[in-house]
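Everything below concerns the one structure shown next.
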Amino acid sequence: MVKNGVLLYAAHPTGAIDADTYFAYAERDLDLARAPLSGGVLLRTLFLSSDPYLRVRMCAPEARSFVPPFRLGEPVDNFGVAQVLRSEDPHLAPGDYVVGYLDFAEYSVYPGKDPHEFKIPLTKVQVLPGIPLSVYLGTLGMPGTTAFQGLTYFCADKLKTAEVMFVSGGAGPVGTFVIEYAKLLAPHVKIVASAGTSEKLRIMQSVGADVVFNYKEQDAVKVLQEQRPLDIFWDNTGGPQLDAALQNFRDEGLIISCGAISQNNLDEKTAVKHIGEFSRRSLTMRGILVYKGESAAVAPRFYDEVVPLVLQGKITSREHRYQGLQQAGKALADVHRGANTGKAVIVVAEE
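Residue numbers for the sequence shown follow UniProt numbering, so the first one is 1 and each next one is one higher.
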């Protein structure tokens, strides 16, 4: 019998995320030897991921979105890496490492008994020499897959003739992957990238961005005017930076809409005013959602094509680690105000 630490969803936010208000750490008794598995596995959690999209899940049950909302009083869940302790699944054995959608708990049974839970099947992963297993939450996880999916499916042909590409939120795990992988696919393309701190500007430069700027201190419209015309905009933020890009496109440009974190707490400053540029310049915008839609057709190629690049150091990783499940609420709040530098990873237990 152990005390199993869990992070519970405590309240629906109406504005900015505050860790102490919306999340609660608790401990529950768990019998590791006798907990019923019902054909599943008992997992020891190693790493959990904090991602901006989780803000969409912090809402009332009747809200409709691409992922179901968290339930009050129940554990938060998201992508995680774990080790199998006990198994009734013929495909998994004790000692295996897996990545999947896990409860924010030190130990959990997968799958849970609730048929309405949002679950992504566990995937067995290999230990890569010299690389922590947490890489499967960032570069080799959902952020990397998102970037690969969008670049490979939507941008590959456009990159052949493009001259300028703009990446907003370029220092995050999606943004850095986009910059590095785009440079591998099309070294001739000039990449302009934005972020909100000097440290993040250095990160973007280190992964190959040619021009970087701080969107909090510099006028994005003026910066992009100097680098125009844009051929591709990988948009991780929406809001004012999307508006700035719309004013500086070449005709028939391409926008990949990957996120709109600037609009999590809507106000007048996040409004996009230059929608008319879509018709004036014959622009195309493609929304991307990992593992879904037509672009998901390329996702099965991800590990085969990207793992070698990671091992060769051509695709790199940066992590902002939070030690212990007690820090998970802070990790979930930090990604919504840009307080993390690198992929936000919650370290629950050592490998």
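By construction, the Cβ of each residue, glycine as well, lies at the ideal position given by its N, Cα and C atoms. Nothing here was measured: the structure is a model prediction, and the numbers come from that model.
> Hey, out of 64, 97 and 70, whose CA is closest to residue 43's CA?
Replying inline: Sequence index remark: in the sequence shown, residue 43 carries index 43 (1-based). Of 64, 97 and 70, the residue nearest in Cα terms is 97.
>> So residue 107 and residue 4 are supposed to be a Cβ contact under 8 Å. How far apart are they, rounded?
In response: Within the sequence shown, numbered from 1, the residue matching residue 107 stands at position 107. Within the sequence shown, numbered from 1, the residue matching residue 4 stands at position 4. Contact flag correct, Cβ pair sits at about 5 Å.
> Taking just the CA atoms, how far does residue 238 sit from residue 56?
Replying inline: Position 56 of the sequence shown, counted from the first residue, corresponds to residue 56. Position 238 of the sequence shown, counted from the first residue, corresponds to residue 238. One C-alpha to the other measures close to 15 Å.
> On the three-state DSSP scale, how would you describe residue 50?
Replying inline: Counting from 1 along the sequence shown, the entry for residue 50 is found at position 50. Coil.
>> Which residue marks the beginning of the beta strand (DSSP E) containing residue 252, and which one marks its end?
In response: Against the sequence shown, residue 252 aligns to sequence position 252. If you look at residue 252, you'll find it in the beta strand (DSSP E) that goes 249 to 257.
> Apart from the five residues on each side of it in sequence, which residues of its chain come closer than 8 Å, Cβ to Cβ, to residue 303?
Replying inline: The sequence position of residue 303 within the sequence shown is 303, counting from 1. Counting only Cβ-Cβ distances below 8 Å, and skipping sequence neighbours, we find 140.
> Quick one: what's got a C-beta closer than 6 Å to residue 190's C-beta in the same chain, skipping five residues either side?
Replying inline: Taking the sequence shown and counting its residues from 1, the one referred to as residue 190 is at position 190. Counting only Cβ-Cβ distances below 6 Å, and skipping sequence neighbours, we find 164 and 210.
>> Whether or not the stretch 34 to 50 and the stretch 80 to 92 are in contact is what I'm after, with contact meaning three or more pairs of Cβ atoms, one per stretch, closer than 8 Å; do they touch?
In response: yes
> Span of the beta strand (DSSP E) holding residue 195?
Replying inline: In the sequence shown, residue 195 corresponds to position 195, counting from 1. Unbroken beta strand (DSSP E) run through residue 195: 190 to 195.
>> On a Cα-Cα basis, can you pick out the residue from 13, 296 and 251 that is closest to residue 276?
In response: Numbered from its first residue, the sequence shown carries residue 276 at position 276. The shortest Cα separation from residue 276 among 13, 296 and 251 belongs to 251.
>> Is the separation between the beta-carbon of residue 77 and that of residue 6 shorter than 8 Å?
In response: For this step, residue 77 is matched to residue 77 along the sequence shown. For this step, residue 6 is matched to residue 6 along the sequence shown. Result no, Cβ atoms of residue 77 and residue 6 do not sit closer than 8 Å.
> If we ignore side chains and look at the alpha-carbon of each, how far apart do residue 184 and residue 177 end up?
Replying inline: Along the sequence shown, one-based indexing puts residue 184 at 184. Along the sequence shown, one-based indexing puts residue 177 at 177. So the alpha carbons of these two residues sit roughly 11 Å apart.
> Is the beta carbon of residue 154 sitting closer than 8 Å to the one on residue 256?
Replying inline: Along the sequence shown, read from residue 1 onward, the residue named residue 154 stands at position 154. Along the sequence shown, read from residue 1 onward, the residue named residue 256 stands at position 256. In contact: residue 154 and residue 256 (Cβ atoms closer than 8 Å).
> Per DSSP, residue 165 is paired with what?
Replying inline: The residue labelled residue 165 in the question sits at position 165 within the sequence shown. Answer is 191 and 232, bridged to residue 165.
> What are the boundary residues of the alpha helix (DSSP H) that residue 154 is part of?
Replying inline: Indexing the sequence shown from 1 puts residue 154 at position 154. Here residue 154 belongs to no alpha helix (DSSP H), and DSSP marks it neither H nor E.
>> Would residue 143 and residue 314 qualify as a contact pair, given that the criterion is a beta-carbon distance under 8 Å?
In response: By 1-based counting over the sequence shown, the position of residue 143 is 143. By 1-based counting over the sequence shown, the position of residue 314 is 314. In this structure, residue 314 does not lie closer than 8 Å to residue 143 by Cβ.
> Since residue 221 is in the alpha helix (DSSP H), which residue starts that stretch and which ends it?
Replying inline: As a position in the sequence shown, residue 221 is number 221, starting the count at 1. Counting along the chain, the alpha helix (DSSP H) containing residue 221 begins and ends at 220 to 227.
> With DSSP run on the structure shown, which of helix, strand or coil describes residue 389?
Replying inline: Outside the shown range of the chain, which is 1 to 351, sits residue 389, and nothing can be said about it.
>> Under DSSP, the alpha helix (DSSP H) around residue 284 begins and ends at which residues?
In response: Start at 1 with the first residue of the sequence shown, and residue 284 comes out as number 284. Element bounds for residue 284: not the alpha helix (DSSP H) but the beta strand (DSSP E), 284 to 287.
>> If contacts are defined as beta-carbon pairs under 8 Å, then residue 295 and residue 150 qualify, I think. What distance do you get, rounded to the angstrom?
In response: Here the question's residue 295 lines up with position 295 in the sequence shown. Here the question's residue 150 lines up with position 150 in the sequence shown. In this structure, residue 295 and residue 150 form a Cβ contact; the two beta carbons are roughly 6 Å apart against a cut-off of 8 Å.
> Hey, out of 329, 26, 220 and 127, whose CA is closest to residue 51's CA?
Replying inline: Working through the sequence shown from its first residue, we reach residue 51 at position 51. Minimum Cα distance to residue 51 is reached at 329.
> Tell me which same chain residues have a C-beta within less than 7 Å of the C-beta of residue 147, skipping the five on either side of it?
Replying inline: Position 147 of the sequence shown, counting from 1, holds the residue named residue 147. In chain order, 174, 177, 178 and 181 place their CB closer than 7 Å to the CB of residue 147, counting only its own chain and leaving out the 5 sequence neighbours on each side.
> Nearest-angstrom Cα distance between residue 109 and residue 167?
Replying inline: Residue numbering aside, residue 109 sits at position 109 when the sequence shown is read from its first letter. Residue numbering aside, residue 167 sits at position 167 when the sequence shown is read from its first letter. Taking the straight line joining both Cα atoms gives about 39 Å.
> Would residue 82 pass as a contact of residue 32 if the rule is Cβ separation under 8 Å?
Replying inline: Counting from 1 along the sequence shown, the entry for residue 82 is found at position 82. Counting from 1 along the sequence shown, the entry for residue 32 is found at position 32. No; because the gap between Cβ atoms is not below 8 Å, this pair is not in contact.
> So residue 74 and residue 9 are in contact, right, with Cβ under 8 Å, and what is the actual spacing, rounded?
Replying inline: What you label residue 74 is simply residue 74 of the sequence shown in a count that begins at 1. What you label residue 9 is simply residue 9 of the sequence shown in a count that begins at 1. Indeed they touch by this definition, with Cβ atoms about 6 Å apart.
> Under the rule that 16 or more other beta-carbon atoms within 10 Å means buried, what is residue 226, buried or exposed?
Replying inline: Translated into positions along the sequence shown, residue 226 becomes position 226. By the 10 Å Cβ count, residue 226 comes out exposed.
> Fully enclosed by the UniProt domain "Oxidoreductase N-terminal" (9 to 114), which alpha helix (DSSP H) runs are 4 residues long or longer?
Replying inline: Qualifying alpha helix (DSSP H) stretches, in chain order: 19 to 22.
> Out of curiosity, what's the CA-to-CA distance linking residue 13 and residue 58?
Replying inline: In the sequence shown, residue 13 corresponds to position 13, counting from 1. In the sequence shown, residue 58 corresponds to position 58, counting from 1. Each residue's alpha carbon lies about 7 Å from the other.
>> So, under 8 Å CB-CB, residue 22 and residue 11 are touching, yes? Tell me the CB distance rounded to an integer number of Å.
In response: Your numbering for residue 22 matches position 22 in the sequence shown. Your numbering for residue 11 matches position 11 in the sequence shown. 5 Å between Cβ atoms; contact.
>> With H, G and I counted as helix, E and B as strand and the rest as coil, what does DSSP make of residue 7?
In response: Translated into positions along the sequence shown, residue 7 becomes position 7. Here residue 7 sits in strand by DSSP.
>> As a quick exercise: from 130, 337 and 351, pick the residue whose alpha carbon is nearest that of residue 53.
In response: Taking the sequence shown and counting its residues from 1, the one referred to as residue 53 is at position 53. Ranking 130, 337 and 351 by Cα distance to residue 53 puts 337 first.
> Taking residue 289 as the reference, which of 79, 15 and 145 has the closest Cα?
Replying inline: For the purposes of this step, residue 289 is taken as residue 289 along the sequence shown, with counting starting at 1. The option with the nearest alpha carbon to residue 289 is 145.
>> Measuring straight from C-alpha to C-alpha, what distance separates residue 186 and residue 208?
In response: Position 186 of the sequence shown, counting from 1, holds the residue named residue 186. Position 208 of the sequence shown, counting from 1, holds the residue named residue 208. Cα to Cα, residue 186 sits roughly 12 Å from residue 208.
>> Quick check on the burial criterion: 16 or more other C-beta atoms within 10 angstroms. Buried or exposed for residue 319?
In response: Position 319 of the sequence shown, counted from the start, is the residue given in the question as residue 319. With 16 or more other Cβ atoms within 10 Å, it is buried.
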